[in-house]
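For reference, the structure is listed below as structure tokens.
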Amino acid sequence: GLRLVDGVCLVVDIVEGVQVNTEKIIKHAVLENIPLTLIVNKFDRLILELKLPPKDAYFKLKHVIEEVNTVIENTVPGRGEAKRISPEKGNVLFSCTNMGWCFTLQSFAKMYADMYGGIDTDDFAKRLWGDVYFNPKKRNFTRKPVEEGAQRSFVKF
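For the sequence shown, the positions run 1 to 157 when UniProt numbering is used.
Okay, structure coming up:
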């Protein structure tokens with residue numbers, strides 16, 4: 001069945017993470033050379049059930065993405081780098097079906113630019129993931145925290 005599709009939208013519960021059946025789908029998609037898009041769903045569970053602070057929620061999200069990338073790498077050792085998923089590549093979406101929202105870094109950057117104007121959405125989107133911090137005093141982004149306990153830009157925005 002996978003040979004007939006153009007791509008796979010893989011929906012993963014952020015609390016449950018990658019399950020056995022999810023691994024099978026990832027492996028089939030990778031072996032058939034079908035592009036993967038990860039939709040990390042149920043963000044509300046991080047807040048309502050686990051009661052995670054934003055910083056810990058970010059690390060949980062990062063862990064789920066790395067789980068998928070580990071399955072990809074283990075499926076095609078040495079060739080997994082090209083097939084990796086990453087919010088920066090635009091093949092990871094963040095969603096909450098209960099609250100009716102879904103976004104990518106690019107769509108969030110566009111929404112933010114539409115609200116506040118004067119923002120290059122491509123540059124902003126690139127700075128919303130990873131070890132990137134916003135310095136509100138200088139109004140720029142840095143790779144190092146500007147102060148103790150600074151939030152990564154994904155958490156901040």
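All residues carry an ideal CB built from backbone N, CA and C; glycine is no exception.
Local conformation of residue i per DSSP, three classes
{"i": "residue 128", "result": "coil"}
{"i": "residue 38", "result": "strand"}
{"i": "residue 157", "result": "coil"}
{"i": "residue 120", "result": "coil"}
Cβ-Cβ separation, residue j to residue i (assumed contact under 8 Å), whole Å
{"i": "residue 26", "j": "residue 72", "result": "6 Å"}
{"i": "residue 55", "j": "residue 155", "result": "6 Å"}
{"i": "residue 143", "j": "residue 132", "result": "6 Å"}
Paired residues, beta bridge with residue i - DSSP
{"i": "residue 140", "result": "135"}
{"i": "residue 8", "result": "36"}
{"i": "residue 152", "result": "133"}
{"i": "residue 13", "result": "41"}
Outcome for residue i when other beta-carbon atoms lying within 10 angstroms are tallied against a minimum of 16
{"i": "residue 29", "result": "buried"}
{"i": "residue 10", "result": "buried"}
{"i": "residue 20", "result": "exposed"}
{"i": "residue 87", "result": "buried"}
{"i": "residue 129", "result": "buried"}
{"i": "residue 14", "result": "buried"}
{"i": "residue 91", "result": "buried"}
{"i": "residue 51", "result": "exposed"}
{"i": "residue 59", "result": "exposed"}
{"i": "residue 105", "result": "buried"}
{"i": "residue 31", "result": "exposed"}
* **Runs of beta strand (DSSP E) wholly within the region 55-111 (minimum 3 residues, chain order)** => 92-96 and 101-103
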